[in-house]
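In what follows, a structure is listed as structure tokens, so that the remarks can point back to it.
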Amino acid sequence: MTDNLIEAAADEAVTLTSELIRIDTTNTGDPDTVVGERAAAEYVAEKLTEVGYEVSYVESGGTNRHNVVARLPGADPSRGALLVHGHLDVVPADPAEWSVHPFSGAVQDGYVWGRGAVDMKDMVGMTLALARHYKREGIVPPRDMIFAFLADEEAGGKYGAQWLVSNRPELFEGATEAISEVGGFSITLKDDVRAYLVETAQRGIRWMTLRVRGTAGHGSMIHRDNAVTKLSEAVAKLGNHRFPLVVSDSVREFLDGVTEITGWEFPDDDLEGSVAKLGNISRMIGATLRDTANPTMLTAGYKANVIPSVAEASVDCRILPGRLEAFDRELDDLLGPDVEREWMELPPVETTFDGAIVDAMSAAVTAEDPGSRTLPYMLSAGTDAKAFQRLGIRNFGFAPLQLPADLDFSALFHGVDERVPVDALKFGTRVLDRFFRSA
50 MTDNLIEAAA DEAVTLTSEL IRIDTTNTGD PDTVVGERAA AEYVAEKLTE VGYEVSYVES
110 GGTNRHNVVA RLPGADPSRG ALLVHGHLDV VPADPAEWSV HPFSGAVQDG YVWGRGAVDM
170 KDMVGMTLAL ARHYKREGIV PPRDMIFAFL ADEEAGGKYG AQWLVSNRPE LFEGATEAIS
230 EVGGFSITLK DDVRAYLVET AQRGIRWMTL RVRGTAGHGS MIHRDNAVTK LSEAVAKLGN
290 HRFPLVVSDS VREFLDGVTE ITGWEFPDDD LEGSVAKLGN ISRMIGATLR DTANPTMLTA
350 GYKANVIPSV AEASVDCRIL PGRLEAFDRE LDDLLGPDVE REWMELPPVE TTFDGAIVDA
410 MSAAVTAEDP GSRTLPYMLS AGTDAKAFQR LGIRNFGFAP LQLPADLDFS ALFHGVDERV
470 PVDALKFGTR VLDRFFRSA
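In this note's numbering, the protein residues as written are 50 to 488.
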């Protein structure tokens with residue numbers, strides 16, 4: 050009977066994921082065009098209250114920016130609570146580029162399709178299905194569980210995790226550990242051996258604006274103080290710069306684990322070349338070997354024959370743990386004093402791959418996939434963990450999915466035809482159930 054019940058919860062996770070995808074929660078980062086999370090938050094709150102939860106439904110300032118938090122009491126209230134968090138917002142999607150409509154939530158060809166399928170309405174669907182299952186069946190986990198469904202992760206959490214940590218920290222009282230997205234997924238290594246990557250670290254984020262000032266004038270004249278020219282030179286210099294190779298502890302532990310499984314070597318004198326052997330995942334792992342600073346937008350001028358006095362560029366910087374001061378020194382040397390810099394910054398996150406919680410993750414995975422391994426890794430991007438570490442919470446990425454060996458998983462994040470295998474959702478629900486009952 051228990052197996053039938055958890056399979057029913059797994060089936061519901063598929064349905065919930067599909068229904069969540071149908072709710073457009075596009076986050077452009079622009080208050081004038083953002084759709085907001087209200088409709089999805091209302092959907093989640095209704096699903097929780099329907100089975101008996103008392104929910105905190107929190108509006109965080111912006112129009113239609115809403116969050117939902119609920120707590121399930123555990124058997125031992127003296128233990129630290131486990132926070133399980135997921136974001137409801139998604140990045141934009143152009144329907145003209147997709148095989149299916151990005152907000153269809155279509156279930157076809159063995160996948161659930163749509164924007165948010167892997168980032169991260171899949172984890173929201175699995176979490177919500179298990180939260181409902183536990184309440185319906187009277188299941189008491191070993192310790193308190195806090196379920197948080199959040200706004201605005203895709204734009205840094207100003208109306209979501211960051212706001213809640215600053216303004217409603219009591220909602221997370223007692224939480225000592227947390228799990229969320231971009232971890233627990235499988236990669237297939239030598240001889241069909243799967244490794245499940247648990248995120249234990251992530252690079253810091255700095256969304257930076259470069260600004261150069263010059264002398265305005267007529268486009269037909271000779272100008273030696275052209276802001277557009279000076280900015281273009283600075284952006285080219287920064288965009289072409291290669292920051293030094295740095296192997297963090299979490300990256301080294303991951304590479305050592307792969308060597309143990311496969312026998313592949315990752316020599317320091319050809320580290321980036323040897324990482325390419327990892328296939329599709331090499332893009333994500335390779336991006337954690339260096340800091341990066343990628344120019345993404347340019348803004349200058351208002352008419353073809355007018356030289357503007359100001360030119361600006363946006364740069365997406367990602368910084369390895371422990372590298373912030375060195376990164377700033379390199380920017381000083383590259384850009385010099387004439388290029389103004391301002392930014393919004395979120396810090397790196399890093400913890401160790403050990404302790405009872407890691408043991409529980411590994412046991413839950415291997416119970417469903419015997420012979421597999423769990424390995425730590427560093428995420429090249431960032432998540433809401435950056436906010437929750439401010440509360441002293443230890444953060445992991447653990448949204449388990451058993452993936453087909455030929456699926457380019459990392460390309461699905463913010464990509465066209467984003468989708469998640471139905472079987473992977475069901476597998477992840479079973480793994481999370483084992484984990485929640487033992488963590």
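For glycine and all other residues, C-beta sits at the position ideal for the given N, C-alpha and C.
None of the values given here were measured: they were computed from a predicted structure.
Secondary structure at D318, three-state DSSP: helix, strand or coil?
Helix, per DSSP.
If you count every other CB in all the chains shown that lies within 10 Å of the CB of T348, and 16 or more means buried, which is it?
Exposed, by the Cβ-count rule.
Do H115 and V104 have their CB atoms nearer than 8 angstroms?
No, Cβ-Cβ distance for H115 and V104 is not below 8 angstroms.
N- and C-terminal bounds of the beta strand (DSSP E) containing N116:
Looking at the DSSP string, the run of the beta strand (DSSP E) that includes N116 is H115 to L121.
For S67, which residues in the same chain have their Cβ closer than 6 angstroms to its Cβ, ignoring the five residues on either side in sequence?
Once the five neighbours on either side are set aside, the close Cβ partners of S67 are G154, V156 and V161.
Within the chosen definition, does the region 246–266 reach the region 361–371 through at least 3 CB pairs nearer than 8 angstroms?
By the Cβ rule, the region 246–266 counts as touching the region 361–371, because three or more pairs are nearer than 8 angstroms.
Mind pulling the alpha helix (DSSP H) runs of 4 or more residues that sit fully within the region 59–113?
Segments of the alpha helix (DSSP H) lying fully in the region 59–113: 87–99.
Hey, A124 and V189: beta-carbon distance below 8 angstroms or not?
Closer than 8 angstroms, so yes.
What residue from E302, N53, S281 and N275 has the CA that sits closest to T401's CA?
Nearest of E302, N53, S281 and N275 to T401, Cα basis: E302.
Applying the 10 Å Cβ sphere with the 16-neighbour rule, what's the burial state of Y245?
Its Cβ being crowded by 16 or more others within 10 Å, Y245 is buried.
Going by other Cβ atoms of all chains shown within 10 Å of its Cβ, with 16 needed for buried, is Y351 buried or exposed?
Classification of Y351: exposed, given that the 10 Å Cβ count is below 16.
Minimum C-alpha distance to V471 - residue among A454, L450 and R486:
V471 has its Cα closest to that of L450, out of A454, L450 and R486.
Which residues in the same chain as E391 place their Cβ atom closer than 8 angstroms to its Cβ, once the five residues preceding and following it in sequence are excluded?
Cβ neighbours of E391 beyond the five flanking positions: M257, T258 and R260.
Can you name the start and end residues of the beta strand (DSSP E) that N444 belongs to?
R443 to G446 is the extent of the beta strand (DSSP E) around N444.
Quick check on the burial criterion: 16 or more other C-beta atoms within 10 angstroms. Buried or exposed for R273?
So R273 counts as exposed.
From the DSSP output, in three-state form, read off H134 for me.
In this structure, H134 counts as strand in the three-state DSSP scheme.
With a Cβ-Cβ cutoff of 8 angstroms, do T225 and G111 count as a contact?
In this structure, T225 sits away from G111, with a CB-CB distance that is not shorter than 8 angstroms.
Give the straight-line distance between the Cα atoms of H182 and P293, rounded to the nearest whole angstrom.
Looking at the two C-alpha atoms, the distance is approximately 49 angstroms.
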